[in-house]
Structure formats: C-alpha cells, structure tokens
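>
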Amino acid sequence: MDQLLQGIYGLTPGAVLMFGIGGLIIWLAIAKEYEPTLLLPIGLGAILANIPYSAAIGTAAEPGILTTLFDFGIRTELFPLLIFVAIGAMIDFGPLLQNPKMLLFGAAAQFGIFFTLCLAVVMGFTLKESASIGIIGAADGPTSIVVANRFAPHLLGPITVAAYSYMALVPIIQPPVIRLLTTKRERKIRMDNAGFRPVSQRTKILFPIVVALLAGLIVPSATALIGMLMFGNLLRESGVVDRLSKGAQNELANIVTILLGISIGAVMTSDEFLDKRTLMILGMGIIAFVFDTAGGVLFAKFLNLFLKHKINPMIGACGISAFPMSGRVVYKMGLAEDPQNHLLMHAISCNVGGQLGSVIAGGLILALIG
Amino acid sequence: MFENMLSFRVHSLATVSFDDPVLMEALRVSGIALLAIFLVMGLFGVMISLFSILFPATEDETI
Chain A
1 MDQLLQGIYG
11 LTPGAVLMFG
21 IGGLIIWLAI
31 AKEYEPTLLL
41 PIGLGAILAN
51 IPYSAAIGTA
61 AEPGILTTLF
71 DFGIRTELFP
81 LLIFVAIGAM
91 IDFGPLLQNP
101 KMLLFGAAAQ
111 FGIFFTLCLA
121 VVMGFTLKES
131 ASIGIIGAAD
141 GPTSIVVANR
151 FAPHLLGPIT
161 VAAYSYMALV
171 PIIQPPVIRL
181 LTTKRERKIR
191 MDNAGFRPVS
201 QRTKILFPIV
211 VALLAGLIVP
221 SATALIGMLM
231 FGNLLRESGV
241 VDRLSKGAQN
251 ELANIVTILL
261 GISIGAVMTS
271 DEFLDKRTLM
281 ILGMGIIAFV
291 FDTAGGVLFA
301 KFLNLFLKHK
311 INPMIGACGI
321 SAFPMSGRVV
331 YKMGLAEDPQ
341 NHLLMHAISC
351 NVGGQLGSVI
361 AGGLILALIG
Chain B
371 MFENMLSFRV
381 HSLATVSFDD
391 PVLMEALRVS
401 GIALLAIFLV
411 MGLFGVMISL
421 FSILFPATED
431 ETI
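Protein sequences appear in the order of chains A and B. Here the working numbering is used: the first residue of the first sequence is 1, the next is one more, and so on. Here the working numbering is used: the first residue of the second sequence is 371, the next is one more, and so on.
1. Quick check: the region 94–108 of chain A against the region 407–426 of chain B, are at least 3 beta-carbon pairs closer than 8 angstroms?
2. Distance check for A:ILE113 and A:ALA288, CA to CA, integer angstroms please.
3. Take A:GLY43 as the anchor and find which of A:LEU17, A:ALA61, A:GLY64 and A:THR59 has the nearest alpha-carbon.
4. Could you tell me whether any Cβ in chain A is nearer than 8 angstroms to the Cβ of B:ILE402?
5. Evaluate A:ALA89 with the Cβ neighbour count: other Cβ atoms within 10 Å of its Cβ, from every protein chain shown; 16 or more gives buried, anything less gives exposed.
6. Note down the Cα distance separating A:ALA215 from A:GLY232, rounded to an integer number of angstroms.
7. Work out the CA separation of B:ASP430 and A:ILE365 for me, nearest whole Å.
8. Per the DSSP calculation, A:GLY58 is bridged to which residue(s)?
9. Compare the C-beta of A:THR203 with all C-beta atoms of chain B and state if any pair is closer than 8 angstroms.
10. Is it the case that the Cβ atoms of A:GLY45 and A:GLY265 are separated by a distance below 8 angstroms?
11. Using the beta-carbon of each residue, which ones in chain B are nearer than 7 angstroms to A:GLY357?
12. Which residue marks the beginning of the alpha helix (DSSP H) containing A:LEU252, and which one marks its end?
13. Taking C-beta to C-beta, are A:THR292 and A:ILE320 nearer than 8 angstroms?
14. For A:PHE72, count neighbouring Cβ atoms within 10 angstroms of its own Cβ and tell me buried if that reaches 16, exposed if not.
15. Is it right to say A:GLN174 is buried, meaning 16 or more other beta carbons lie within 10 angstroms of its own, or is it exposed?
16. Taking the alpha helix (DSSP H) that A:GLN6 falls in, what are its first and last residues?
17. Between which two residues does the alpha helix (DSSP H) carrying A:LEU274 extend?
18. Pull up the CB-CB distance for A:GLY362 and A:LEU225, whole angstroms please, since I reckon it's below 8 angstroms.
19. State the Cα-Cα distance for the pair A:PHE125 and A:ALA148, rounded to the nearest angstrom.
20. Output, in sequence order along the chain, the residues in the region 94–105 of chain A whose CB is closer than 7 angstroms to any CB in chain B.
21. If you compare alpha carbons, which of A:TRP27, A:ILE25, A:LEU5 and A:PRO41 is closest to A:ILE255?
22. Can you grab the Cα-Cα spacing for the pair A:ASP271 / A:ARG179, in whole Å?
23. Can the beta-carbon of A:VAL199 be found less than 8 angstroms from the beta-carbon of A:LEU356?
24. Just to check my reading of the structure: A:VAL330 and A:ILE315 have Cβ atoms closer than 8 angstroms, yes? What is that Cβ distance to the nearest angstrom?
25. May I ask you to list, following chain order, the residues of the region 417–432 of chain B that have a beta carbon less than 9 angstroms from some beta carbon of chain A?
26. If the cut is a Cβ gap below 9 angstroms, which residues of chain B does A:PHE207 touch?
27. Label A:VAL240 either buried or exposed according to how many other C-beta atoms from any shown protein chain fall within 10 Å of its C-beta, with 16 as the threshold for buried.
28. Kindly say whether B:ASP389, judged by its beta-carbon, lies nearer than 8 angstroms to any beta-carbon of chain A.
29. Grab me the residues of A:ARG150's own chain with a C-beta within less than 6 angstroms of its C-beta, minus the 5 sequence neighbours each way, in chain order.
30. Look at A:PRO95 and A:MET345 and say whether their C-beta atoms are less than 8 angstroms apart.
31. Provide the residue span of the alpha helix (DSSP H) that contains A:CYS350, from first to last.
32. Grouping DSSP H, G and I as helix and E and B as strand, with all else coil, what is A:VAL199?
33. Along the chain, where does the alpha helix (DSSP H) that runs through B:SER400 open and close?
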C-alpha cells in the first residue's frame with residue numbers, strides 16, 4: 001500500500017506549486033493561445049517532471065523519457081537547430097531582398113539584448129548567466145535555448161518560458177512602447193513601395209548560400225544556427241525539392257516542436273524553477289523586449305534626421321525577431337492611425353531582417369563570451 | 371544585511387559601480403557585438419544589392 005501512496009507522500013509544496021505553474025502555462029496556451037505549440041507541451045512537461053519519483057524523469061541510473069529527450073535533443077542542441085531548418089523553410093526572404101536597407105533595423109532592434117545583459121550583471125548574475133538572460137530579447141526561441149544551454153543550463157527553464165511567452169505577448173508589449181516614443185504625426189508617415197525592387201530567383205537561391213558562408217566566416221560560432229536556418233531556406237528557394245521543403249515546414253517542424261516542448265518541461269523541476277531568480281528573469285525578459293522595440297523605433301527616428309523620404313518609425317519596432325507577430329502589430333497600428341497607410345511590405349521585410357539579426361546576435365554572444 | 375533578495379537587487383542597482391570588472395566586460399562585449407551586428411547586416415545588404423545588379427529579375431519574375 002505504501003508503494004502505491006509514495007507519490008502522494010512524496011509531494012512537496014514546491015511540487016504542488018509547479019503543478020499550478022504547469023497548469024497556468026497550459027491555460028495560457030489554450031485559453032489565450034499564447035504560442036500554444038510550445039507552451040502546451042512545456043506546461044504538461046513541467047507537471048510530469050514534478051511528480052514525486054516520476055518515471056518520466058527517472059534516476060541517474062535509469063533516466064526517464066523526459067531526461068533522455070533532454071539529454072539527446074537539448075543538451076546536444078539538436079532540437080533547436082532542427083527547428084531552425086523548419087523556420088528557414090517557412091521564411092520568404094523576398095520582401096527583405098527587395099528592400100535590403102531594412103536589414104539595419106534587424107540590427108538596431110537587438111539593443112534590448114545587450115541592455116538586459118548589462119542590467120543582469122548589475123543585478124548580480126554572472127556574465128554567462130546575464131548573456132543567457134539578455135538573449136531572451138532575441139525574441140527567437142531556438143537561439144535563446146542554444147545560448148542558455150551553452151552558458152546557463154540551470155536557467156534554461158525560465159529563459160525558455162520567458163522567450164516563448166513574450167513572443168506571444170508582442171501585441172501587448174510593443175504598442176505602448178511605440179506610442180510612447182512616437183508622435184501621432186510620425187505614426188501617420190506613409191511609405192510608398194518605390195524602394196522595393198523585384199529580385200531574381202537566382203538571387204533568392206544565392207542568398208542563403210552566401211549568408212551561411214559569410215556569417216560562418218565572420219562568426220564561426222554562429223555557423224550551426226545560421227547554417228541550419230539558411231539550409232531550410234535553400235530547400236524552399238531551390239524549387240527542386242518541394243517535398244523536402246514541405247517536409248521541413250510541416251512534419252519536421254511539428255515533430256521537433258513536440259519533442260522540444262516536452263523536453264524543456266524536464267528542467268522545470270521545483271528545485272530549479274522556484275527561485276527568486278526566476279521572477280527576475282521573467283521581469284528582465286520584458287525589459288529586453290521593451291528595449292528592443294525602443295532601439296528599433298529610435299534608430300528609425302535617427303535615420304529620419306537625414307532622409308528626404310521619411311521612414312515611419314513604427315517600422316523600426318519590427319526589427320525584433322518575433323516573426324510575423326511584430327510585422328502584423330505595426331501593420332495594424334499603421335492602419336489604425338490612417339486607414340490608407342499600408343505598411344505591411346515594409347513591416348514584414350524589417351521583421352525578416354530581425355530574424356537574421358537575432359541569429360547573428362546569438363552567434364556573436366557565443367563567440368565573445370564563450 | 372538584506373531582508374530579502376529583492377532589496378538586495380535594488381541595492382545592487384542603486385550602487386552600480388563602473389569599476390566592476392564584470393560590468394565593464396559586459397559593456398565591452400555589448401558594444402562590440404552591437405557594432406558587429408550592424409557591420410554584418412550592412413555586409414548582407416551590400417551583397418544583396420550586388421546580386422540585384424549582377425542578376426536582375428527577368429520580365430517573368432517582375433510580374
């Protein structure tokens with residue numbers, strides 16, 4: 001009888017609290033639709049990992065499925081890198097290739113990463129932990145996982161939850177920051193599509209190859225991240241492996257997302273997650289998103305000092321990687337200010353640039369701090 | 371000395387010392403990384419513009 005009740009006897013207040021947190025994450029995924037593909041498995045993973053004597057976690061001698069998946073897919077960085085193949089196959093870099101100056105916003109809107117990195121150091125975290133917290137501002141789940149896994153594996157749970165939750169909260173986080181930093185007149189600036197030039201298929205095919213090569217040569221530590229992203233994109237743009245491209249976009253993305261999410265839950269044990277530092281990480285994650293947004297908007301305003309054809313500064317906010325949420329948010333904000341102001345092309349091209357910028361930022365952090 | 375973690379953090383913020391080698395290293399890394407991101411993205415932009423000149427879109431692709 002005792003054996004049957006050992007799970008109940010072994011319950012701790014921490015484990016019960018983690019059941020609540022797992023439930024909350026599942027609720028956010030289902031009721032609020034906040035990144036449900038990731039938060040749903042993470043939520044259940046967190047519950048399974050905190051059941052006393054959970055066979056899902058197992059022991060050092062006999063690791064359970066969650067531990068095995070974590071060791072196989074996260075510790076080796078396999079799952080986040082495979083997700084990059086899928087993301088690359090889903091992304092159409094066309095709008096960015098048509099208007100390459102938008103790449104600069106993909107750089108400016110990484111400011112939040114570095115602001116938060118310094119803030120975390122001031123708050124008492126080590127440099128490597130701070131880098132892992134700052135990278136939440138990459139607004140790019142797989143990059144956050146790779147950096148945190150390399151520098152601060154003990155913080156992987158809260159960092160991943162923060163990264164994915166805040167990506168889903170972009171429609172709530174970004175608009176107030178944009179409004180605070182822009183005037184109504186600036187938000188009404190219209191941008192024509194004259195800057196968009198048609199691009200050849202050859203350019204679309206060469207782009208992923210040359211970007212992978214250049215990024216690899218300049219930042220070798222980013223080779224795996226950017227290489228997998230560009231590999232997925234090459235599958236898409238080559239036009240000769242449609243089956244593989246669709247497989248990467250659907251089957252690969254779905255299977256790896258399931259495995260990634262449930263594995264992350266494995267590190268959300270009460271001993272590691274229930275820490276005051278978790279709350280601080282969640283708080284600094286928001287700060288990273290806010291300063292990313294501010295960096296992009298202020299950079300656009302700075303450029304406007306010199307440009308004849310002004311840029312709508314809201315576009316700068318799309319330089320964060322949260323694709324395509326950020327682009328949609330700015331597009332809708334533009335329409336709300338002026339129903340004739342269609343910023344979608346600019347917003348999406350900038351947003352795609354942000355995807356590239358966040359991966360480069362992750363690679364640079366790995367190179368400079370590793 | 372500190373009642374709880376939060377007050378310790380507030381204290382940390384209030385007594386930021388720019389002599390702290392870790393903070394200096396963080397500022398150095400951040401500065402270099404931000405500059406490098408702009409350079410790399412600028413390089414990509416130049417590369418795309420070159421491709422557009424070398425391989426202009428055909429009439430079919432323009433449509």
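For each residue, glycine too, the CB sits at the ideal point set by N, CA and C. This structure is a prediction, so every number in the text was calculated from the model and none was measured.
According to the structure data:
1. Enough Cβ pairs lie closer than 8 angstroms, so yes.
2. Sequence index remark: in the first sequence, residue 288 of chain A carries index 288 (1-based). Sequence index remark: in the first sequence, residue 113 of chain A carries index 113 (1-based). So the two alpha carbons sit approximately 6 angstroms from each other.
3. Taking the first residue of the first sequence as position 1, residue 43 of chain A is located at position 43. Nearest to A:GLY43 by alpha-carbon distance, out of A:LEU17, A:ALA61, A:GLY64 and A:THR59, is A:LEU17.
4. Here residue 402 of chain B corresponds to residue number 32 of the second sequence, with the count starting at 1. B:ILE402 counts as touching chain A.
5. Within the first sequence, residue 89 of chain A is the residue found at index 89, counting from 1. A:ALA89 comes out buried.
6. By one-based count along the first sequence, residue 215 of chain A stands at place 215. By one-based count along the first sequence, residue 232 of chain A stands at place 232. Distance between the alpha carbons of A:ALA215 and A:GLY232 is about 16 angstroms.
7. On the first sequence, residue 365 of chain A is found 365 positions in, with the first residue counted as 1. On the second sequence, residue 430 of chain B is found 60 positions in, with the first residue counted as 1. Going by the C-alpha atoms only, they are around 42 angstroms apart.
8. Position 58 of the first sequence holds residue 58 of chain A. BP columns for A:GLY58 point to A:PRO63.
9. The sequence position of residue 203 of chain A within the first sequence is 203, counting from 1. A:THR203 has a beta carbon lying within less than 8 angstroms of a beta carbon in chain B.
10. On the first sequence, residue 45 of chain A is found 45 positions in, with the first residue counted as 1. On the first sequence, residue 265 of chain A is found 265 positions in, with the first residue counted as 1. With contacts defined by Cβ atoms closer than 8 angstroms, A:GLY45 and A:GLY265 form a contacting pair.
11. Start at 1 with the first residue of the first sequence, and residue 357 of chain A comes out as number 357. Within chain B, the C-beta atoms nearer than 7 angstroms to that of A:GLY357 come from ILE407 and MET411, in chain order.
12. Position 252 of the first sequence, counting from 1, holds the residue named residue 252 of chain A. A:LEU252 -> no alpha helix (DSSP H), and no H or E assigned at all.
13. Sequence index remark: in the first sequence, residue 292 of chain A carries index 292 (1-based). Sequence index remark: in the first sequence, residue 320 of chain A carries index 320 (1-based). The sequence given here has Asp at residue 292 of chain A, not Thr. Taking 8 angstroms as the Cβ cut-off, A:ASP292 and A:ILE320 qualify as a contacting pair.
14. Indexing the first sequence from 1 puts residue 72 of chain A at position 72. Exposed, since its Cβ has fewer than 16 Cβ neighbours within 10 Å.
15. Against the first sequence, residue 174 of chain A aligns to sequence position 174. Label assigned to A:GLN174: buried.
16. Locating residue 6 of chain A in the first sequence gives position 6, where the first residue counts as 1. Counting along the chain, A:GLN6 sits inside the alpha helix (DSSP H) bounded by residues 2–9.
17. Reading the first sequence from its first residue, position 274 is the one you call residue 274 of chain A. Looking at the DSSP string, A:LEU274 is not in any alpha helix (DSSP H), and its letter there is neither H nor E.
18. Here residue 362 of chain A corresponds to residue number 362 of the first sequence, with the count starting at 1. Here residue 225 of chain A corresponds to residue number 225 of the first sequence, with the count starting at 1. Yes, they are in contact, since the Cβ atoms of A:GLY362 and A:LEU225 sit about 6 angstroms apart, within 8 angstroms.
19. Within the first sequence, numbered from 1, the residue matching residue 125 of chain A stands at position 125. Within the first sequence, numbered from 1, the residue matching residue 148 of chain A stands at position 148. Between A:PHE125 and A:ALA148, the C-alpha separation is close to 13 angstroms.
20. Hits within the stretch, in order: LEU97, PRO100, LYS101, LEU103 and LEU104.
21. Locating residue 255 of chain A in the first sequence gives position 255, where the first residue counts as 1. Closest option to A:ILE255, Cα to Cα, is A:PRO41.
22. Indexing the first sequence from 1 puts residue 271 of chain A at position 271. Indexing the first sequence from 1 puts residue 179 of chain A at position 179. Approximately 40 angstroms, taken between the alpha carbons.
23. Walking along the first sequence from the start, residue 199 of chain A turns up at place 199. Walking along the first sequence from the start, residue 356 of chain A turns up at place 356. No. Outside cutoff.
24. Taking the first residue of the first sequence as 1, we reach residue 330 of chain A at position 330. Taking the first residue of the first sequence as 1, we reach residue 315 of chain A at position 315. Contact holds; Cβ gap of about 6 angstroms.
25. Under the 9 angstroms Cβ criterion, the region 417–432 of chain B contributes MET417, ILE418, SER419, PHE421, SER422, LEU424, PHE425, PRO426, ALA427, THR428, GLU431 and THR432.
26. Your numbering for residue 207 of chain A matches position 207 in the first sequence. Those within 9 angstroms of A:PHE207 in chain B are PHE414, MET417, ILE418 and PHE421.
27. If you number the first sequence from 1, residue 240 of chain A lands on position 240. Exposed, by the Cβ-count rule.
28. Position 19 of the second sequence, counting from 1, holds the residue named residue 389 of chain B. So no, B:ASP389 is outside the interface.
29. One-based indexing of the first sequence puts residue 150 of chain A at position 150. In its own chain, leaving out the 5 sequence neighbours on each side, no residue places its CB closer than 6 angstroms to the CB of A:ARG150.
30. Within the first sequence, numbered from 1, the residue matching residue 95 of chain A stands at position 95. Within the first sequence, numbered from 1, the residue matching residue 345 of chain A stands at position 345. In this structure, A:MET345 lies closer than 8 angstroms to A:PRO95 by Cβ.
31. For the purposes of this step, residue 350 of chain A is taken as the residue at position 350 of the first sequence. 344–369 is the extent of the alpha helix (DSSP H) around A:CYS350.
32. Here residue 199 of chain A corresponds to residue number 199 of the first sequence, with the count starting at 1. When secondary structure is reduced to three states using DSSP, A:VAL199 falls in the strand class.
33. In the second sequence, counting from the first residue as 1, residue 400 of chain B sits at position 30. Looking at the DSSP string, the run of the alpha helix (DSSP H) that includes B:SER400 is 391–424.
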